[in-house]
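Heads up, the thing below is written out as structure tokens.
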Amino acid sequence: MTDRRTFLGGLAATAPAALGMVPLAAPARAQDGMAGPALFGSPSRTFPFAPDVYRERRAKLMAKMGGGVGVVYSATSQPEGVLDPLSSQDDDFEYLTGIQDEVGAALLLAPSESGVREYLFLRPRDDESERWEGVRLSTGAELERRTGFDKVYRSGSLPGMTSSLAGRSGKMHFLGPVVSPNAPVPAALELYGKIAQRNPGVVTVNSATMIRDMRVQKEPREIAHIRKAIAATEAGLMAAMQQVRVGMTERELKAIIENAFRANGGDGLGFQSITATGRASAVLHYDGNDGVIRDGDMVLCDVGAHVGGYSADITRSFPANGRFTDEQRRIYDTVLAAQNAGQRALKAGVPYTAAQDAAEKVIDASGNGDAFWHSLGHFVGLDVHDVGDVRAPLPENAVVTIEPGIYLPERGFGVRIEDDYLITRGGAEHMSTGVPRDAAAIEALMAR
Ligand code: GLY
Ligand code: MN
Ligand code: MN
């Protein structure tokens, strides 16, 4: 789920579409290879790649499944009060279909069938909700062309269709994700349970790593989108360092960053921006926003623009007045050394935990081991905290963050440095080089 996504501009940016005020022949969106012009009607497009890309991903997944059936739901409901259709979309569904403006939809794959092997189910049309959300397309050739599916049905037929195909193949793949025992039962498992009760002999198998293992290895086109998200994010952080002033509020700084995202190709936020000053910079997921930036403060900005579905995730910590104190500089240099040690530990074939160990060693040696208590990083992609196993050997073309920190609330500051890295055969390529990271380079930028 991507419920941390918020469009830049919030309501103002999303309300017209959500309220159905899109002109009848809206201009085509500048995306690479959508299924057709973004005419009025939902689902309006595949996004951000051409339908063949998604068809190939589904074919690859079906080859892994071998037989049986598998259901992947989009989100089942729109969170209350949220007009942004992206906010409730399931990333696996989006990865396999490209469709990101549908709730209540599902994908059914049946690789052992000799005829049609993939079906898309969309929630029924409803005149009254269409007055608010815009017209939904009728089933038929136009909908099939736009979605790239040979067969599109309404969601009411999903249980019956899954049941009859599962009865023939005897197997249902749970395609994940695995959730904690306290979370609601995933919709696919709920459906499989009902089918199994009515079809003795049909079994559920755990195939939860199949989509995850595909998603973790980014395609070149996905890496290109992440690079664009990184470039927009770097522009935001450059603006922050150049425009921060003592006396400004955290909220003002956040607006500077997010405006720069938008001016540099960002189409949304990967997550809620964190702009924290002084003692708040030692709070990991601070969202207070109303602090006033004071002379001598360290300012921590953990932000990520979103482009075409993909997120960046970069943190910079810098002195509000442009000059590190000796203590701030010492802590800063330790965190940077830890990040570099983490980078040196990574390459394809090595688990991410090797970087965690290397970075911890540096921070422990500085005597600040107790002041670094979170994990070193995560995978990045369609979700800012993307799928992947930190204990498994990293594949080539995974994208990860390395984000050590030292948090000293009793000293009134914290430092985190976070960058994005592409895993290659030879190492971890530092992707977010467009915004200074060395303390001296930060001071030089801020002095201009
Ligand atoms: N921005 C949240 C994180 O760095 O994981
Ligand atoms: Mn971050
Ligand atoms: Mn992160």
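Under the working numbering, the first residue of the sequence shown is numbered 1224, with each subsequent residue one higher. Positions of the beta carbon are idealized from the N, C-alpha and C atoms, including for glycine.
Exposed unless 16 or more other CB atoms sit within 10 angstroms - verdict on residue i
i: Arg1435; result: buried
i: His1597; result: exposed
i: Pro1250; result: Reliability of the predicted coordinates at Pro1250 is poor, the pLDDT of 30 falling under 50, and the value obtained from them is presented with this limitation in mind. Pro1250 is exposed by the Cβ-count criterion.
i: Ala1248; result: The predicted model places Ala1248 with a pLDDT of 27, which falls under 50 and marks its position as unreliable; any figure quoted below should be read in that light. Looking at its Cβ environment, which holds fewer than 16 other Cβ atoms inside 10 Å, Ala1248 is exposed.
i: Glu1351; result: exposed
i: Asn1405; result: exposed
i: Arg1539; result: buried
i: Lys1451; result: buried
i: Asp1661; result: exposed
i: Ile1537; result: buried
i: His1448; result: buried
i: Gly1424; result: exposed
i: Val1680; result: Nothing in the structure corresponds to residue 1680, since the chain is present only between 1224 and 1671.
i: Glu1303; result: Since pLDDT at Glu1303 reaches only 43, below the 50 mark, its modelled position is unreliable, and the value read off the structure follows with that caveat. Answer is exposed; the Cβ neighbour count stays below 16.
i: Arg1421; result: exposed
i: Ser1361; result: exposed
i: Thr1656; result: exposed
i: Gly1527; result: buried
i: Pro1407; result: exposed
i: Ala1588; result: exposed
i: Pro1246; result: Interpretation of Pro1246 is limited by its pLDDT of 25, a score under 50 that renders its predicted location unreliable; no figure is taken from the coordinates.
i: Gly1590; result: exposed
i: Ala1663; result: exposed
i: Asn1670; result: In the sequence on display, residue 1670 carries Ala and not Asn. Its Cβ having fewer than 16 others within 10 Å, Ala1670 is exposed.
i: Arg1368; result: exposed
i: Arg1281; result: buried
Distance between beta carbons of residue j and residue i, contact taken as under 8 Å
i: Arg1346; j: Ala1364; result: That pair is no contact at about 20 Å.
i: Lys1394; j: Gly1532; result: So it is not a contact: roughly 31 Å between Cβ atoms.
i: Thr1624; j: Asp1643; result: 6 Å
i: Ser1297; j: Asp1275; result: Contact flag wrong, Cβ pair sits at about 20 Å.
i: Ala1499; j: Glu1473; result: 6 Å
i: Val1294; j: Phe1316; result: Going by Cβ atoms, the distance from Val1294 to Phe1316 rounds to 10 Å, so no, they are not a contact pair.
i: Leu1388; j: Glu1341; result: No, Leu1388 and Glu1341 are not in contact; Cβ-Cβ is about 11 Å, not under 8 Å.
i: Thr1548; j: Gly1519; result: 7 Å
Own chain partners of residue i with C-beta closer than 7 Å, once the 5 adjacent residues on each side are dropped
i: Pro1659; result: Ile1665, Leu1668
i: Val1467; result: Leu1476, Ile1516, Val1522, Ala1543
i: His1608; result: His1601
i: Ala1505; result: Tyr1630, Leu1631, Pro1632, Phe1636, Gly1637
i: Pro1409; result: Val1402
i: Arg1278; result: Gly1371
i: Asn1429; result: Phe1397
i: Ala1571; result: Leu1617, Pro1618, Glu1619, Ile1646, Thr1647, Arg1648
i: Leu1414; result: Val1294, Pro1382, Thr1385
i: Lys1287; result: Met1433
Close Cβ partners of residue i (< 6 Å) along its chain, the five nearest in sequence each way excluded
i: Asn1620; result: Gln1440, Lys1441
i: Ala1582; result: Ala1561, Ala1564, Gly1565, Leu1599, Pro1627
i: Ile1322; result: Pro1266
i: Ile1554; result: Ile1629, Val1638
i: Met1437; result: none
i: Ile1497; result: Tyr1509, Asp1525
i: Met1244; result: Low local confidence applies: a pLDDT of 24 at Met1244 is under 50, so the model's placement there is unreliable, with the coordinate-based value given in what follows. Within the same chain, Met1244 has no close Cβ partners at all.
i: Ala1333; result: Val1292, Arg1340, Leu1388
i: Met1464; result: Phe1541, Leu1668, Met1669
i: Met1285; result: Leu1332, Pro1334
i: Asp1373; result: Val1339
Continuous beta strand (DSSP E) stretch holding residue i: start and end
i: Lys1374; result: 1374-1377
i: Glu1341; result: 1341-1345
i: Phe1484; result: No beta strand (DSSP E) contains Phe1484, which is instead part of the alpha helix (DSSP H) from 1473-1486.
i: Val1521; result: According to the sequence shown, residue 1521 is Met rather than Val. 1521-1526 is the span of the beta strand (DSSP E), which, as asked, contains Met1521.
i: Ala1499; result: 1497-1500
i: Ser1540; result: 1537-1542
i: Ile1646; result: 1642-1646
i: Glu1652; result: 1651-1653
i: Val1623; result: 1622-1625
i: Ile1516; result: Where Ile1516 is concerned, there is no enclosing beta strand (DSSP E), given that its DSSP letter is neither H nor E.
i: Val1294; result: 1292-1296
Same chain only: Cβ atoms within 8 Å of residue i, ignoring 5 sequence neighbours per side
i: Gln1551; result: Met1521, Pro1542, Phe1636, Val1638
i: Ala1615; result: Pro1574
i: Ala1462; result: Ile1479, Ile1480, Asn1482, Ala1483
i: Ser1380; result: Phe1344
i: Leu1412; result: Phe1397, Thr1427
i: Met1654; result: Ile1449, Arg1450, Ile1453, Val1622, Asp1642, Asp1643, Tyr1644, Leu1645
i: Asn1512; result: Thr1472, Glu1473, Arg1474, Lys1477, Thr1498
Host alpha helix (DSSP H) of residue i (start-end)
i: Gly1565; result: 1549-1568
i: Pro1274; result: 1274-1288
i: Ile1665; result: 1662-1670
i: Glu1317; result: 1314-1320
i: Arg1450; result: 1443-1466
i: Thr1432; result: 1432-1439
i: Thr1576; result: 1576-1588
Short CB-CB distance (under 8 Å) between residue i and chain D
i: Pro1271; result: Protein chain content of the structure displayed is limited to a single chain, and chain D is not contained in it.
Checklist entry - Which full runs of the alpha helix (DSSP H) of 4+ residues lie inside the segment 1332-1417, going along the chain? => result 1350-1356, 1364-1370, 1381-1392
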